[in-house]
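Down below is the structure, laid out as C-alpha cells.
Residue numbers (my numbering): 2 to 287.
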C-alpha cells in the first residue's frame with residue numbers, strides 16, 4: 002500500500018483522473034479544484050504551488066484514494082479508506098512543510114478522523130473541529146413547498162458589485178477562506194454559473210453552480226441577506242440553480258450544508274436533496 006506525492010497537476014490528472022470521475026460525489030471538491038487549476042493556472046488559489054497525491058493498494062494497481070492541497074487551504078481528502086488516510090498523514094509529515102503545510106484537514110468524516118489521529122500522534126498537535134457538514138445529492142427536483150414571489154435570472158456583469166458584496170458577507174458568516182472574490186465572481190458570471198432571485202425587480206438571494214465535470218455539478222454558495230431571510234428566497238434560487246445544472250447535462254447535482262444550521266438542511270430536503278455522507282473540517286494547533 003503506497004501513496005505517490007506530486008506537485009504536477011498533469012501527473013495527478015493522468016493517474017487519478019479516472020478515479021475522481023468514477024466517484025464524483027465523494028470527490029466533488031477535488032474535481033472542481035482540478036478543473037479550476039487547469040483553466041486558470043496553478044496560482045489561482047494562492048502563490049504557493051498545489052500538492053497532490055494518490056493511493057494504491059498494490060504497486061501499479063488502481064487508484065483507490067486521492068488528496069490535494071491548494072494553499073492557503075488545508076489538505077482536502079477525497080474518497081479513500083481510513084488506513085490510507087492514516088498513511089497519508091505519515092507521508093506528509095515525512096515530506097515536510099516544503100511540500101505541504103498541514104494546519105488542518107477536511108473531507109469525509111472517516112478519512113478525516115483517521116488522518117487527524119495519525120497526524121496528532123506524529124506531530125504532537127492538538128485537533129479541534131471547525132466545521133461539520135453534510136453532502137447532499139439531488140434525487141428528484143421539486144419546487145419549494147411555499148414558492149416566494151419573484152423570478153430567477155442569471156447574474157450579469159452589471160451585478161458585479163452586489164455579488165462581490167454578498168460573497169464577502171457569505172464568507173464572513175460561514176467562516177470560510179475566500180482569497181480572490183472578485184476573480185471568482187467574474188469567472189463564474191462569465192460561465193453562467195451565478196443565479197439571482199428577484200422580487201419586485203430587486204435581487205434578494207444568490208446561488209451558484211459549478212461547471213458540469215464528470216457528470217457532476219455542485220451548488221454553492223447560497224446566500225440571502227439577513228433582512229430578506231425567512232421568505233423562501235433561498236429555496237427558490239437553489240431550485241433554479243439546480244434546474245440550470247440539470248439543463249447543462251449534470252447527472253448528479255450536489256451541495257454541502259452546515260449541520261449546525263437546521264433550516265438549510267430542511268429546505269434542501271424539501272426540494273429533493275438526499276444525504277450522501279457527513280464531512281468534517283479539523284484544525285491543528287500546537
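The beta-carbon is built from N, C-alpha and C at its ideal position, and this holds for glycine as well.
Judged by DSSP secondary structure, residue 165 falls within the alpha helix (DSSP H) whose first and last residues are 161 to 175. Close CB contacts of residue 156 within its chain, under the 6 Å cut and outside five residues either way in sequence, are with 164, 190, 195, 197 (chain order).
Straight-line spacing of the CA atoms in residue 282 and residue 109 works out to 9 Å. Contact between residue 56 and residue 85 is confirmed by a C-beta separation of about 4 Å, below the 8 Å threshold. Between residue 142 and residue 272, the beta carbon gap of about 6 Å places them in contact (Cβ cut-off 8 Å). If you draw a straight line from the Cα of residue 201 to the Cα of residue 175, it is about 28 Å long. Exclusion of the five residues before and after residue 167 leaves 207, 224 as the residues of its chain whose Cβ lies within less than 6 Å of its Cβ.
Exclusion of the five residues before and after residue 238 leaves 196, 198, 206, 208 as the residues of its chain whose Cβ lies within less than 6 Å of its Cβ. Straight across, the Cα-Cα distance linking residue 23 with residue 48 is about 30 Å. Each of 214, 134, 131 was checked against the Cα of residue 34, and the nearest Cα belongs to 214.
Residue pairing by DSSP places residue 196 opposite 155, 208 in a beta bridge. Residue 210 places its beta carbon 9 Å or farther from that of residue 153. The Cβ atoms of residue 222 and residue 285 do not sit closer than 9 Å to each other.
Here residue 178 is exposed: its Cβ has fewer than 16 other Cβ atoms, across all protein chains shown, within 10 Å. The three-state secondary structure of residue 33, taken from DSSP, is helix. When secondary structure is reduced to three states using DSSP, residue 111 falls in the helix class.
Bridge pairing for residue 269: absent [DSSP].
Between residue 137 and residue 21, the C-beta spacing is not below 9 Å. Residue 81 is positioned such that its CB atom lies closer than 9 Å to that of residue 68. Take residue 131, set aside five residues on each side of it, and the residues of its chain with a beta-carbon closer than 6 Å to its own are 282, 284, in chain order.
Here residue 53 is bridged, per DSSP, to 7, 69.
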